[in-house]
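Colleague:
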Amino acid sequence: MEIVILAVVIAVVVIGALGGLVIGSRRKKQLPPPPPAAPDITAPPAEPHVGDEAETPRDEPRRTIEEVDLPDGGSAPATVEEPPVVEELEIPQIEVPEPTAGRLVRLRARLSRSQNALGKGLLTLLSREHLDEDTWEEIEDTLLTADVGVQPTQELVERLRERVKVLGTRTPEELRGLLREELITLLGPDMDREVKTEPAASKPGIVMVVGVNGTGKTTTTGKLARVLVADGRSVVLGAADTFRAAAADQLQTWGERVGAHTVRGPEGGDPASVAFDAVKEGKEMGSDVVLIDTAGRLHTKTGLMDELGKVKRVVEKHAPLDEVLLVLDATTGQNGLIQARVFAEVVDITGIVLTKLDGTAKGGIVVAVQRELGVPVKLIGLGEGADDLAPFEPAAFVDALIGE
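Residue numbering for the sequence shown follows the numbering used here, starting at 61 and increasing by one per position.
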């Protein structure tokens, strides 16, 4: 019996030892990492419906009506700023130029200094008791000083000497009438002084204005537009002086005053292109006259003078020019005659505009420049005013020189 019990005990001990070995070996092995936990998925916020706020309202501290500071009844009411008033653009008013008829007579006082130099000087000399050779030489000097020119001076003195000798008596009235007749004859009263601006059936009248810098060419073009508007013509201005700064602006300002349309191009652009476009627009608009202001040519620069000839040729692709007016400064005297010769070689001058005949200018330049070019003086400038450009009338001009 004891042997059976002992065997059972030994068997239990052996079984327990084997079980401990098995458990120890399992502990020594590394267990695999546990599987990752499933992430918590948060549902996206629902899209706001009509009337809902886009964001979830936050809890903010709120005040009761008792805690809100209300303004006192005596405090000034809050001012509401009025929106700024937009000023309307001012439309330039169209001016009405003075009529050209009799304008030179109205401007007679502007020739006062020229009158002292030429007219009164001649009358004083002719009124001397004895007209000897020295007196006639003084008369010649007076005419030459007034820029009449050598050949016209000799012709005038010869006719005066002959008529005074035949006349015998020399009362002031007779002398004045004699001098008036001879001066008018010298100015060429039969020359056609009308500015050709009559439109044809398919084109407007085309006038090109040329001249050296500083003669008042752009201003003269603007004043000529006023003369034409005063005579009932519609005018288009071509600002082909693209080299002088602000020349186009200056011409456009003159045009806006009388309602004339101005065609212009970029500064430094091709003058011939601007002139071409001006004539084209003038034809399309049905205008009566197109005035083209060209750049002031330095007459000593051959290239620039050639370009002036190019402008003329390009314009004539539309139609022939009706007028080419040369603007000369009357105060330059013989220098103006040199300029006139050069321009006449490049373009066919049809008329002359003498500016600055008021002040210290000498009236005899009218005679000299006509003789030099064989074309008439058609317009004269007698001041800085907008309507101080007048059609040239020989009789009225002589009356202004010698007085009444």
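No residue lacks a Cβ here, since even glycine has one placed at the ideal position from N, Cα and C.
Just so we're clear, the structure is a prediction, and the values are computed from it rather than from any experiment.
Taking just the CA atoms, how far does Q153 sit from T322?
Modeller: If you number the sequence shown from 1, residue 322 lands on position 262. If you number the sequence shown from 1, residue 153 lands on position 93. Each residue's alpha carbon lies about 16 Å from the other.
Colleague: Within the continuous beta strand (DSSP E) that includes D353, where are the two ends?
Modeller: Position 293 of the sequence shown, counting from 1, holds the residue named residue 353. Unbroken beta strand (DSSP E) run through D353: V349 to T354.
Colleague: Can you tell me which residues form a DSSP beta bridge with T322?
Modeller: Translated into positions along the sequence shown, residue 322 becomes position 262. Answer is L297, bridged to T322.
Colleague: Would you mind giving the Cβ-Cβ distance between P331 and A300, rounded to the nearest angstrom? I have them listed as a contact below 8 Å.
Modeller: Translated into the one-based positions of the sequence shown, residue 331 becomes position 271. Translated into the one-based positions of the sequence shown, residue 300 becomes position 240. That pair is a contact at about 4 Å.
Colleague: Here's a check: name, in chain order, each residue in its chain whose Cβ is nearer than 8 Å to the Cβ of P436, leaving out the five neighbours to either side.
Modeller: Here the question's residue 436 lines up with position 376 in the sequence shown. Only G248, M251, D252, R253, G411, I412, Q430 and F452 meet the Cβ criterion.
Colleague: Hey, out of K180, R221 and R188, whose CA is closest to T202's CA?
Modeller: What you label residue 202 is simply residue 142 of the sequence shown in a count that begins at 1. When each option's Cα is compared against that of T202, the closest is K180.
Colleague: Checking 8 Å against the spacing of the C-beta atoms, do D353 and K277 come in under that value?
Modeller: Stepping through the sequence shown from its first residue, residue 353 is reached at position 293. Stepping through the sequence shown from its first residue, residue 277 is reached at position 217. Yes.
Colleague: In whole angstroms, give me the CA-to-CA distance for L235 and L227.
Modeller: The residue you call residue 235 lines up with position 175 of the sequence shown. The residue you call residue 227 lines up with position 167 of the sequence shown. Using only the alpha carbons, I get a separation of about 10 Å.
Colleague: Could you tell me the distance, in whole angstroms, from the CA atom of D418 to the CA atom of A446?
Modeller: The residue given as residue 418 occupies position 358 in the sequence shown. The residue given as residue 446 occupies position 386 in the sequence shown. When rounded, the distance between both Cα atoms is 15 Å.
Colleague: Here's the rule I'm using: 16 or more other beta-carbon atoms within 10 Å means buried, otherwise exposed. How should H190 be labelled?
Modeller: Position 130 of the sequence shown, counted from the start, is the residue given in the question as residue 190. Label assigned to H190: exposed.
Colleague: Please classify K88 as buried or exposed, where buried requires at least 16 other C-beta atoms within 10 Å of its C-beta.
Modeller: Here the question's residue 88 lines up with position 28 in the sequence shown. Because the pLDDT at K88 is just 49, under 50, the model does not fix this residue reliably, and the value given afterwards should be weighed accordingly. Result: exposed.
Colleague: In whole angstroms, what is the alpha-carbon distance linking A169 and V296?
Modeller: Looking up residue 169 in the sequence shown gives position 109. Looking up residue 296 in the sequence shown gives position 236. Spanning the two alpha carbons is a distance of roughly 32 Å.
Colleague: Assign L386 to one of three DSSP states: helix, strand, or coil.
Modeller: On the sequence shown, residue 386 is found 326 positions in, with the first residue counted as 1. Note: L386 maps to strand in three-state DSSP.
Colleague: Report yes or no: do the stretch 257–269 and the stretch 370–382 share at least 3 C-beta pairs separated by less than 8 Å?
Modeller: The stretch 257–269 vs the stretch 370–382: in contact.
Colleague: I'd like to know whether the C-beta atoms of P157 and V349 end up nearer to each other than 8 Å.
Modeller: As a working mapping, residue 157 is identified with position 97 in the sequence shown. As a working mapping, residue 349 is identified with position 289 in the sequence shown. The answer is no: Cβ separation not under 8 Å.
Colleague: Looking at E242: is its Cβ nearer than 8 Å to the Cβ of L216?
Modeller: Along the sequence shown, read from residue 1 onward, the residue named residue 242 stands at position 182. Along the sequence shown, read from residue 1 onward, the residue named residue 216 stands at position 156. Against a cut-off of 8 Å, the Cβ pair of L216 and E242 comes out as a contact.
Colleague: Under the assumption that G346 contacts S333 (Cβ atoms under 8 Å), give the Cβ distance between them as a whole number of angstroms.
Modeller: Residue mapping note: residue 346 aligns to position 286 of the sequence shown, counting from 1. Residue mapping note: residue 333 aligns to position 273 of the sequence shown, counting from 1. Contact flag wrong, Cβ pair sits at about 22 Å.
Colleague: In three-state DSSP terms, what is A290?
Modeller: If you number the sequence shown from 1, residue 290 lands on position 230. Here A290 sits in helix by DSSP.
Colleague: Taking Cβ to Cβ, would you say V375 is nearer than 8 Å to T415?
Modeller: As a first step, residue 375 must be located in the sequence shown, where it is residue number 315. As a first step, residue 415 must be located in the sequence shown, where it is residue number 355. Result no, Cβ atoms of V375 and T415 do not sit closer than 8 Å.
Colleague: Measuring CA to CA, which of R188, V318 and T302 is closest to H291?
Modeller: Position 231 of the sequence shown, counting from 1, holds the residue named residue 291. Note on residue identity: the sequence assigns Asp, not His, to residue 291. The shortest Cα separation from D291 among R188, V318 and T302 belongs to V318.
Colleague: Rounded to a whole number of angstroms, what is the C-alpha to C-alpha distance between D194 and I440?
Modeller: The residue you call residue 194 lines up with position 134 of the sequence shown. The residue you call residue 440 lines up with position 380 of the sequence shown. Between D194 and I440, the C-alpha separation is close to 34 Å.
Colleague: At the level of alpha carbons, what is the spacing between T275 and Q394?
Modeller: Within the sequence shown, residue 275 is the residue found at index 215, counting from 1. Within the sequence shown, residue 394 is the residue found at index 334, counting from 1. So the alpha carbons of these two residues sit roughly 14 Å apart.
Colleague: Around the Cβ of Q211, are there at least 16 other Cβ atoms within 10 angstroms (buried) or fewer (exposed)?
Modeller: Within the sequence shown, residue 211 is the residue found at index 151, counting from 1. Classification of Q211: exposed, given that the 10 Å Cβ count is below 16.
Colleague: Below 7 Å CB to CB, which residues in the same chain sit around A456 once its five sequence neighbours on both sides are set aside?
Modeller: Within the sequence shown, residue 456 is the residue found at index 396, counting from 1. Only L164 and V165 meet the Cβ criterion.
Colleague: Using the beta-carbon count (16 or more within 10 Å), is E258 buried or exposed?
Modeller: Working through the sequence shown from its first residue, we reach residue 258 at position 198. The residue is exposed, with fewer than 16 neighbouring Cβ atoms inside 10 Å.
Colleague: What number of angstroms, rounded off, separates the C-alpha of F403 from the C-alpha of E233?
Modeller: As a first step, residue 403 is located in the sequence shown; it is residue number 343 there, counting from the start. As a first step, residue 233 is located in the sequence shown; it is residue number 173 there, counting from the start. F403 and E233: Cα-Cα distance of roughly 42 Å.
Colleague: Please give the ranges of any alpha helix (DSSP H) in the stretch 375–446, keeping only runs that are unbroken, at least 4 residues long and fully inside the region.
Modeller: Those alpha helix (DSSP H) runs which fall completely within the stretch 375–446 and span 4+ residues are 394–406 and 425–433.
Colleague: Where DSSP assigns a beta bridge to I266, which residues make up the other side?
Modeller: As a first step, residue 266 is located in the sequence shown; it is residue number 206 there, counting from the start. Paired residues: V350.
Colleague: Does DSSP put P259 in a helix, a strand or coil?
Modeller: What you label residue 259 is simply residue 199 of the sequence shown in a count that begins at 1. In this structure, P259 counts as coil in the three-state DSSP scheme.
Colleague: Short check: CB of A400 to CB of E367, under 8 Å?
Modeller: In the sequence shown, counting from the first residue as 1, residue 400 sits at position 340. In the sequence shown, counting from the first residue as 1, residue 367 sits at position 307. Not in contact: A400 and E367 (Cβ atoms no closer than 8 Å).
Colleague: From the DSSP output, in three-state form, read off G181 for me.
Modeller: Position 121 of the sequence shown, counting from 1, holds the residue named residue 181. The answer is helix: DSSP assigns G181 an H, G or I state.
Colleague: Going by the beta-carbon positions, is the gap between L239 and L183 smaller than 8 Å?
Modeller: Position 179 of the sequence shown, counted from the start, is the residue given in the question as residue 239. Position 123 of the sequence shown, counted from the start, is the residue given in the question as residue 183. Closer than 8 Å, so yes.
Colleague: Quick one: what's A450 bridged to in DSSP?
Modeller: For the purposes of this step, residue 450 is taken as residue 390 along the sequence shown, with counting starting at 1. A450 is bridged to I440.
Colleague: Classify K515: buried if its beta carbon has 16 or more other beta carbons within 10 angstroms, exposed otherwise.
Modeller: Given that the chain is displayed from residue 61 to residue 464, the structure contains no residue 515 and the question cannot be resolved.
Colleague: Candidates V426, A450, K372 and E327: which alpha carbon is nearest V408's?
Modeller: Translated into the one-based positions of the sequence shown, residue 408 becomes position 348. The question names Val, but residue 408 is Asp in the sequence shown. The option with the nearest alpha carbon to D408 is K372.
Colleague: Return the residue from the list A320, W314 and P454 that minimises the CA-CA distance to T245.
Modeller: Your numbering for residue 245 matches position 185 in the sequence shown. Comparing Cα positions, the closest option is P454.
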